[in-house]
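Protein chains in written order, with the working numbering: chain A, 34 to 526; chain B, 34 to 526. No residue lacks a Cβ here, since even glycine has one placed at the ideal position from N, Cα and C.
Here you go:
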């Protein structure tokens, strides 16, 4: 096992911080497992050509964070606590977009990582008492909620979702609602029901990264339409609908993931009109629509006149808590029968207790109260990330201006090899979502997504400052004696 | 809308009970919706040729059960309460095995139906306080359990399942465990990962009815091996492995569903040896193994020497409560990677809170205590069903002698049209699982499954008595004036 350190005197980060940050990153990524003995202060300072005080300060910082511990007379070790929090991500593995989704779920759980990789709400803002505390209030129902639920989902939840949809102008009915394990299962079921391997579907580029995995697994060919600041390129949309006859168009009109773009009312109408004209099914993913920070988004496509054929997907992972794993499909009865048949063989049904918790939360106004509480906080964070980007990003980096959702989409000239920025950031304890995961085939430009939902403005800005530095350094990189990578051999306890 | 009644004077059920039971069945199946006005006592007694007192007594019984209500001066109506409990099953739909799984989940929820159709534990015996009450004890973890979990499942649960597997002699590791939404999702993921449409897999005949749906959805050809009283027909097994090269063998060695057969140690070893010889993957579904009433089953196939390649599926729907929707896969690392990739695109992950509840229940001995408590109760019910069958079934009906699980598998000469017994029973408020759902292609014999887990001995025996009567009546059916089906037209309120 080895420790890798690279000291750059031109860096505006103090040298002891450079040492500390690099060791921290190697602990966090699991490269230095718990029990690893670190070099003595004396030997490491000699190796790096820095003063012993520099190494001492670095070790002190890591010890204060609980990542390492000194045992008198025996040396300094990576702590057990560090191990517990380390993310089990193998950063030595070659970069591959397929690994990103799994990686970022792991990364999220590593306490020392500032993850801007995942579009999730802040767990500290989750209505945890209102959801989990409600289990007690349902005591008289415990027994009824302990058996298999109905395949379609808890009746009370389907009724509550019907009202939720009607609030949004969608003509809904409980018999047209299928509750799913998050919007991801909704998307999986709809896609499998409507396609067979070799078919093509139309999506935006870039789009939700889980969708890329799904299409690949199902061997479905993605056709893509670019996202402009007010929605998809309508000319291109019509060309594709006309010439390629995709099985359906998967669209995220409200605060599109990852661009954050909110489709205008005109574009939504145009999408509906064109898809009706060419007989193409629309699958509308509306999971971000409640997360607006300037004004509510225009009516959903499924709420427009003549939209009966639109399949509407909703979910509560972005608004309430992702750990509920609750989403739903709203569709016409003939489609519903196909979807229910697929859910039956997928996992039979969801957990009735968790579904009922959501039903009660929706029914007694908890959801609306929660959204009123968190919207201003996320608005601030959205603004804070914009400020941070302005302050710390080099001028050649551009970004979207999201009016809702959790995502900024950044682009810049390609100065890193594909995946290199993602990995460099990861090794420095910063999670970002690499653009390669989102379908983008642009080899001249580099893209990445930064999510602000789960981080305070301070934490975001600290991360953006580091990212900005990495990008600047790469842009100005010249080889030299300074900044050489040192390999320091380590022994186990 | 019409009411259908058929009075048989040879029946040993009092005529007023015949009237009441048939009206009850038509309310329960949703044929007579809430608000339907029933005929007056006078007109119905005239129509049927019985005394007004007979109809009066029938109505009294239905009213006592809350199914109908009399409004002074306006008449007698199907009550709102009845509607709430009615099962939304359309028994007018032509019988089709594909509908059975959905039907029986609906039926289960209709309070007035004695369902022997579903192999589930008794909700009244579920450890509901130990599971749902534990939510409070986890208060300090609520926030950590509210986000996306890891795709593979909660770390604590995977550790607990590893111990659970090791208790059973399976060499396990947390990294080889994937938590799923019940064993159904485990089976779905394994099947999809190992096959492509057009492939064939080997299963027992009969087998788990959910599996039939799954194979059909995935367009997979089932090859079948018959189940003898100690396990599959080994000669036939070898012939199929040799000549057909199925992608895998899906087997339920412990208290096989629906036959209740427990495979002997010799048969388990023979299965492993043959599948190794012909290079066929084994998928072992072991969800019933804790439900033994005479002696524990022999070691799982996955616990035998040289069984590293066996994919082991477990779940807690039969032992703890089906509403947790928790099962798991244990498999080798290369297979695990495929399974995790499929779970990722299926629904990303399960609900961490529910997974943690199970982890704690397993870790603190709750599961073992629960099994010690319920095993004697289910043993009694198993015995009670045997007694009931002995007492009430005609001599031409045969049944299996399960040593564990929840199922009796019955067979008799074919005296009903396919599905007719299932529908007749349903209309009389009795749920059974029709043999047609379990792959059985035998046209000379009729099969059906009766489950005893969720019913007291008294309830079972009452249901079996009715079933026995239906079978006897069908066997001795001769046309005659007596017992003619009357159609009585009804009007809405």
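Min CB distance residue i to chain A below 8 angstroms
{"i": "residue 153/B", "result": "yes"}
{"i": "residue 378/B", "result": "yes"}
{"i": "residue 386/B", "result": "yes"}
{"i": "residue 243/B", "result": "yes"}
{"i": "residue 461/B", "result": "no"}
{"i": "residue 482/B", "result": "no"}
{"i": "residue 527/B", "result": "Examination of residue 527/B is not possible in this model, given that chain B is present from 34 through 526 alone."}
{"i": "residue 444/B", "result": "no"}
{"i": "residue 337/B", "result": "no"}
{"i": "residue 280/B", "result": "no"}
{"i": "residue 176/B", "result": "yes"}
{"i": "residue 358/B", "result": "yes"}
{"i": "residue 215/B", "result": "yes"}
{"i": "residue 24/B", "result": "Nothing about residue 24/B can be reported from this structure: the residues present for chain B run from 34 to 526 only."}
Spatial neighbours of residue i in its chain, beta-carbon cut-off 8 angstroms, leaving aside the 5 residues before and after
{"i": "residue 477/B", "result": "446 and 447"}
{"i": "residue 35/A", "result": "520, 521, 522 and 523"}
{"i": "residue 269/A", "result": "258 and 259"}
{"i": "residue 461/B", "result": "54, 55, 58, 499 and 503"}
C-beta contact flag for residue i and residue j at 8 angstroms
{"i": "residue 161/A", "j": "residue 176/B", "result": "yes"}
{"i": "residue 349/A", "j": "residue 362/A", "result": "no"}
{"i": "residue 166/B", "j": "residue 290/B", "result": "no"}
{"i": "residue 284/A", "j": "residue 251/A", "result": "no"}
{"i": "residue 433/A", "j": "residue 209/A", "result": "no"}
{"i": "residue 449/B", "j": "residue 498/B", "result": "no"}
{"i": "residue 92/B", "j": "residue 111/B", "result": "no"}
{"i": "residue 310/A", "j": "residue 265/A", "result": "no"}
{"i": "residue 493/A", "j": "residue 149/A", "result": "yes"}
{"i": "residue 378/A", "j": "residue 196/B", "result": "no"}
{"i": "residue 354/A", "j": "residue 179/B", "result": "yes"}
{"i": "residue 233/A", "j": "residue 280/A", "result": "yes"}
{"i": "residue 387/B", "j": "residue 359/B", "result": "yes"}
{"i": "residue 296/B", "j": "residue 323/B", "result": "no"}
{"i": "residue 509/A", "j": "residue 152/A", "result": "no"}
Interface flag, residue i vs chain B, CB-CB below 8 angstroms
{"i": "residue 169/A", "result": "yes"}
{"i": "residue 432/A", "result": "no"}
{"i": "residue 181/A", "result": "yes"}
{"i": "residue 368/A", "result": "no"}
{"i": "residue 221/A", "result": "yes"}
{"i": "residue 382/A", "result": "yes"}
{"i": "residue 156/A", "result": "yes"}
{"i": "residue 465/A", "result": "no"}
Cut-off 7 angstroms between Cβ atoms - residues of its own chain near residue i, not counting five sequence neighbours on either side
{"i": "residue 327/A", "result": "436"}
{"i": "residue 527/A", "result": "The displayed coordinates of chain A run from 34 to 526. Any statement about residue 527/A would go beyond what the structure contains."}
{"i": "residue 343/B", "result": "315, 317, 334 and 335"}
{"i": "residue 67/B", "result": "111, 112, 113, 115 and 116"}
{"i": "residue 198/B", "result": "205 and 363"}
Sequence-distant residues of its chain with Cβ nearer than 6 angstroms to residue i (five each side left out)
{"i": "residue 382/B", "result": "181, 182 and 184"}
{"i": "residue 457/A", "result": "503"}
{"i": "residue 87/A", "result": "48 and 49"}
{"i": "residue 71/B", "result": "109"}
{"i": "residue 207/B", "result": "191, 192 and 195"}
{"i": "residue 226/A", "result": "371, 372 and 375"}
DSSP bridge partner residues for residue i (one or two, in chain order)
{"i": "residue 581/A", "result": "For residue 581/A there is no data in the structure shown, the boundaries of chain A being 34 and 526."}
{"i": "residue 464/A", "result": "148/A"}
{"i": "residue 13/A", "result": "No answer is possible for residue 13/A: it lies beyond the span of chain A, which begins at 34 and ends at 526."}
{"i": "residue 109/A", "result": "71/A and 103/A"}
{"i": "residue 80/B", "result": "None; residue 80/B has no bridge partner."}
Chain C contact for residue i (CB, 8 angstroms cutoff)
{"i": "residue 250/A", "result": "Judged by its chain identifiers, the structure shown contains no chain C, and its protein chains are A and B."}
- [ ] Check whether the stretch 289-309 of chain A touches the stretch 373-392 of chain A, counting contact only when three or more Cβ pairs, one atom from each stretch, lie closer than 8 angstroms.
- [x] Result no; under three Cβ-Cβ pairs closer than 8 angstroms.
Task: Sufficient close CB pairs (3 or more, under 8 angstroms) joining the stretch 179-191 of chain A to the stretch 270-283 of chain A - done: The stretch 179-191 of chain A makes no contact with the stretch 270-283 of chain A, as fewer than three CB pairs between them are under 8 angstroms.
Task: Three or more C-beta pairs below 8 angstroms linking the stretch 420-429 of chain A and the stretch 221-228 of chain A - done: With the cut-off at 8 angstroms, the stretch 420-429 of chain A and the stretch 221-228 of chain A do not touch.
TODO: Determine, using beta-carbon pairs with one atom in the stretch 395-409 of chain A and one in the stretch 252-270 of chain A, whether at least three such pairs fall under 8 angstroms.
DONE: In this structure the stretch 395-409 of chain A does not lie against the stretch 252-270 of chain A, because fewer than three pairs of beta carbons, one per stretch, are closer than 8 angstroms.
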